[in-house]
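This is how it looks when you write it as structure tokens:
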């Protein structure tokens, strides 16, 4: 009986059908290898490291950039080829890597379209093709990657509208589409991505209004919409996202005001870019509630009124750019914000140029943060003397006081600013001789003064 069983086993081994059964598992496993070889056939690298290392002399799971699973050791779970200097096209066969959880081809020179077959990757959690030369539209099939947490298609040449299936990615946390050529409206249905934490759509050609539905993204920490063609106001709902840390809408055609209580519900807001738009109205005193603010930029708008002294409660403030607005100061009390800003010990950049600031700078101006490297008061109507103790701002590198109504002479303390590189004081009513101490400013590259006596004396000083 035992002999009969052995004969049956031998028969099965010799039978072509049984051969097919025994090799079926190897055929299934080779699907991933075939997909990788198809990818290899459509790309090249310089130096040619990829074609030389992906060959039959080693198992495909050991090929550079390829990671296979633990539970399924012959199935590719990660294809990570960042900065491999790859050129060519992405093979549609990558859609056959059914166990793939990460596809990262960032920072290469890949071109052509994103294959719609990638939408078959139901296990995919990260898709990153940033910094390539990909074009065409975003495939609607990517909506099939329902487990995606990170989708980064930024810094390519993608065109067309943001496809509606992207709003059906329930697990998505990071959606990066910036620096492309996308057009059309921002889909209101993006507000359905309740797990979204980071949405970056800047540097495209998007138009229309910012959807109020984005205010439903209760976990959002970063919203970047700058450098588009968006219009209308910032939806009030956005000011209620308590998790928001960065809001960037600069370089659009947005309008409207900042609501009086807008900063009451954004205690974690660190960066606000609203520059180069058509916003108007006052800067709300509620700004004091954004106590985490580091970078506050409202330049090139139509904001008016005084700068609220409450801004001095932003102890972490480093960059304050209010240039080219209709902000004003007439009376000494209007300059109280400068005294308040002395509490901001980390302040490095202060831009107040191109507005309607008048009257006399308060003495507290010299008590601003010693960390300041840049002060711009150009093109205002500020009168009186340049504060005598301005030399306290020992780290100043750029000081622009030109096109104002300053009188008197240059204070001698000015020449204690050893790091000063650029000094603009032209188009004022300054008089008197330039102190010889200017020779101590060995790094000074530019000094502008239209006042003839000063200019002549400075030229004479250089000649000697």
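In our numbering, the protein residues as written are 1 to 464.
We treat Cβ as the ideally placed atom computed from N, Cα and C, and that holds for glycine.
At a cut of 8 Å, does the stretch 93-105 reach the stretch 66-80 through at least three beta carbon pairs? yes
Reducing DSSP to helix, strand and coil, say where residue 40 ends up. helix
Inter-residue CB distance, residue 263 and residue 292 (contact presumed, cutoff 8 Å): About 11 Å separates the two Cβ atoms, so there is no contact after all.
Report buried or exposed for residue 330, applying the criterion of at least 16 other Cβ atoms within 10 angstroms of its Cβ. exposed
Drop a sphere of 10 angstroms on the beta-carbon of residue 28, count the other beta-carbons inside from all chains shown, and report buried for 16 or more, exposed for fewer. Confidence in residue 28 is poor, its pLDDT being 45 and thus under 50, which makes the residue's placement unreliable; the coordinate value appears in the next sentence. By the 10 Å Cβ count, residue 28 comes out exposed.
So residue 112 packs on residue 145, CB below 8 Å; how close in whole Å? Incorrect: roughly 19 Å between the Cβ atoms, too far for contact.
Can you tell me which of 109, 226, 221 and 251 puts its alpha carbon nearest to the alpha carbon of residue 241? 221
If you check the beta carbons only, do residue 134 and residue 110 fall under 8 Å apart? yes
If I measure Cβ to Cβ from residue 445 and keep anything under 6 Å in the same chain, skipping five residues before and after, which residues do I get? 421
8 Å contact criterion, which residue 230 and residue 252 should meet: CB distance rounded: 4 Å
Collapsed DSSP secondary structure at residue 117 in the structure displayed: helix
Does residue 239 pass the burial test, meaning 16 or more other C-beta atoms within 10 Å, or should it be called exposed? buried
Determine the DSSP secondary structure at residue 214, reduced to helix, strand or coil. helix
Verify whether the separation of the beta carbon atoms of residue 232 and residue 258 is less than 8 Å. no
Which of the three DSSP states, helix, strand or coil, is assigned to residue 28? In this prediction, residue 28 has a pLDDT of 45, which is less than 50 and means its spatial position is unreliable; what the coordinates show is noted afterwards. Residue 28 falls in the helix class under three-state DSSP.
Look at the Cβ atom of residue 190, then the Cβ atom of residue 214, and state whether they are nearer than 8 Å. yes
May I ask you to report which of helix, strand or coil DSSP gives residue 77? strand
Should residue 274 go down as buried or exposed, given a rule of 16 or more other Cβ atoms within 10 Å for buried? buried
Proximity to residue 195 [Cα-Cα], best of 149, 256 and 127: 149
Which residue or residues does DSSP assign as beta-bridge partners of residue 135? 157
Residue 394 bridges to which residues according to DSSP? Note: residue 394 sits in no beta bridge, so no partner.
Considering just the uninterrupted stretch of the alpha helix (DSSP H) at residue 329, what are its terminal residues? Segment 326-329 is the beta strand (DSSP E) holding residue 329; no alpha helix (DSSP H) there.
To the nearest angstrom, how far is it from the Cα of residue 63 to the Cα of residue 86? 15 Å
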